[in-house]
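Number 113 in my numbering belongs to position 113 of the sequence shown; there are no gaps in the numbering.
Quick reminder that beta carbons are idealized off the backbone N, C-alpha and C, glycines included.
Note that the coordinates shown come from a computational prediction; the quantities given were computed from them, not determined experimentally.
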Amino acid sequence: MQSSINSRVALAILAGSSLAAAEPAAAATSFNSSAGLSYSIESIANLTNPGDLSGLEIVGYFRQIDAPAYPGDEYSQVQINGTGSVAANNPDLATGSAFSYTFAASGTLANGTLDAHHLAWYGLEFRNNGSDSYAISLRLDYLLSAAVGAETDSSSVTIDFFNGDGLLWQGYDRVDTAFNDLDVVLAGSSGPFGFELAAGQVDGLYADVRMDNHLEASPVPLPAAVWSFLAGVIGMLGLKKRRHEQSA
1 MQSSINSRVA
11 LAILAGSSLA
21 AAEPAAAATS
31 FNSSAGLSYS
41 IESIANLTNP
51 GDLSGLEIVG
61 YFRQIDAPAY
71 PGDEYSQVQI
81 NGTGSVAANN
91 PDLATGSAFS
101 YTFAASGTLA
111 NGTLDAHHLA
121 WYGLEFRNNG
131 SDSYAISLRL
141 DYLLSAAVGA
151 ETDSSSVTID
161 FFNGDGLLWQ
171 GYDRVDTAFN
181 DLDVVLAGSS
191 GPFGFELAAG
201 QVDGLYADVR
211 MDNHLEASPV
221 PLPAAVWSFL
231 AGVIGMLGLK
241 KRRHEQSA
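Okay, here's the thing in structure tokens:
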């Protein structure tokens, strides 16, 4: 009888130690952010010599800003306190025409906290290298997406678009996750942007895209009911053991 009770106690202790060892298991979480931008040239007209576009240069580009362009400038940064990772592998793009490009970042977190800020520059620029004047019309369409894995997490994607000096054209839009919507998408457009380009001038439509993400992953404690049950089992075994000793 003594051997049987000892075995039960050992099994209960073993079960308790196994549950305690499992307690630090964490609730992993993640984020996914993206911004798909598409430039379209609606029209180009030479106002001096109709049909001649030889003096006009078009430069399209995308750059993820991973270091300050100038001292103190904003740039992409990631801070992880715990165990996690972030992927934001967006190679530079250079083109001589209108273009489409998707800027994306994602991350996972097993425990701790994660904060990620990513910045990218887009542009479609027109350079008048000749002596003629041009009338140009273009537009920028965009699709912003933000998604996180839990209500304690947050994700936002913003777009700020403008012409060269920010006086003729500018706009702003953003998308954010919320407690009741952890996966959000927003489509928008700059609308038509028209301007004239005199000899030697440079202008275009530019966009700054920012992604800000915050994740939290904490250890998941065992439910109180499990510990209560385990305590009750051990208590019952102890009571049986004492009764056995008293009757011995």
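**Among S97, A178 and G107, the one whose alpha carbon lies nearest that of A87** = Distances from the alpha-carbon of A87 to those of S97, A178 and G107 put G107 closest.
**Request:** Return the chain-ordered list of same chain residues with a C-beta closer than 6 Å to the C-beta of T29, the five sequence neighbours on each side being excluded.
**Result:** Correct list, in chain order: L109, G149, A150, D153, L215 and A217.
**Item:** Separation of Y75 from D160, as counted between CA atoms
**Value:** The alpha-carbon atoms of D160 and Y75 are separated by roughly 15 Å.
**Prompt:** Given that a residue counts as buried once 16 or more other Cβ atoms are within 10 Å of its Cβ, and exposed if not, what is V209?
**Reply:** Note on V209: 16 or more other CB atoms within 10 angstroms of its CB, so buried under the neighbour-count rule.
**Cβ distance (whole Å) where L140 is taken to contact S189 below 8 Å** = With a contact defined as Cβ atoms closer than 8 Å, L140 and S189 qualify at about 7 Å.
**Asked** DSSP puts I65 in a beta bridge; with which residues?
**Response** Beta-bridge pairing links I65 to no other residue.
**Message:** So, at 6 Å on beta carbons, what are the nonlocal neighbours of S155 in its own chain, with the 5 sequence-adjacent residues on each side left out?
**Reply:** Hits under 6 Å: F31, S33, A146, V148, T177 and N213.
**Prompt:** So what does A146 bridge to, in DSSP terms?
**Reply:** Answer by DSSP bridge pairing, in chain order: S33 and V184.
**Request:** Excluding the 5 residues preceding and the 5 following A104 in the sequence, name in chain order all residues of the same chain whose CB lies nearer than 6 Å to its CB.
**Result:** Closer than 6 Å at the Cβ level, and outside the excluded window around A104, lie S34.
**Prompt:** Tell me which same chain residues have a C-beta within less than 6 Å of the C-beta of A187, skipping the five on either side of it?
**Reply:** L143.
**Asked** If you run the structure through DSSP and keep just helix, strand and coil, what is S106?
**Response** Three-state DSSP puts S106 in a strand.
**Message:** By alpha-carbon positions, which one of A198, D173 and A199 ends up nearest to G191?
**Reply:** Selected option, being the one with the closest Cα: D173.
**Proximal residues to Q64 (C-beta, below 6 Å), its chain only, five neighbours per side dropped** = Excluding residues within five positions, the ones whose Cβ falls inside 6 Å are N90 and A120.
**Asked** Out of curiosity, what's the CA-to-CA distance linking L138 and Q77?
**Response** Taking the straight line from one Cα to the other gives about 32 Å.
**Request:** Consult DSSP for F179 and reduce its assignment to one of helix, strand or coil.
**Result:** It is coil, neither helix nor strand.
**Request:** Take S85 and list the residues in its own chain whose beta-carbon comes closer than 7 Å to its own, dropping the five residues that flank it on each side.
**Result:** The residues are G107 and T108.
**W128 classed as buried or exposed, judged by whether at least 16 other C-beta atoms fall within 10 angstroms** = Just to set this straight, residue 128 is Asn in the shown sequence, not Trp. It is buried - the Cβ of N128 has at least 16 other Cβ atoms within 10 Å.
**Item:** Beta-ladder partner(s) of T48, from DSSP
**Value:** DSSP output for T48 lists no bridge partner at all.
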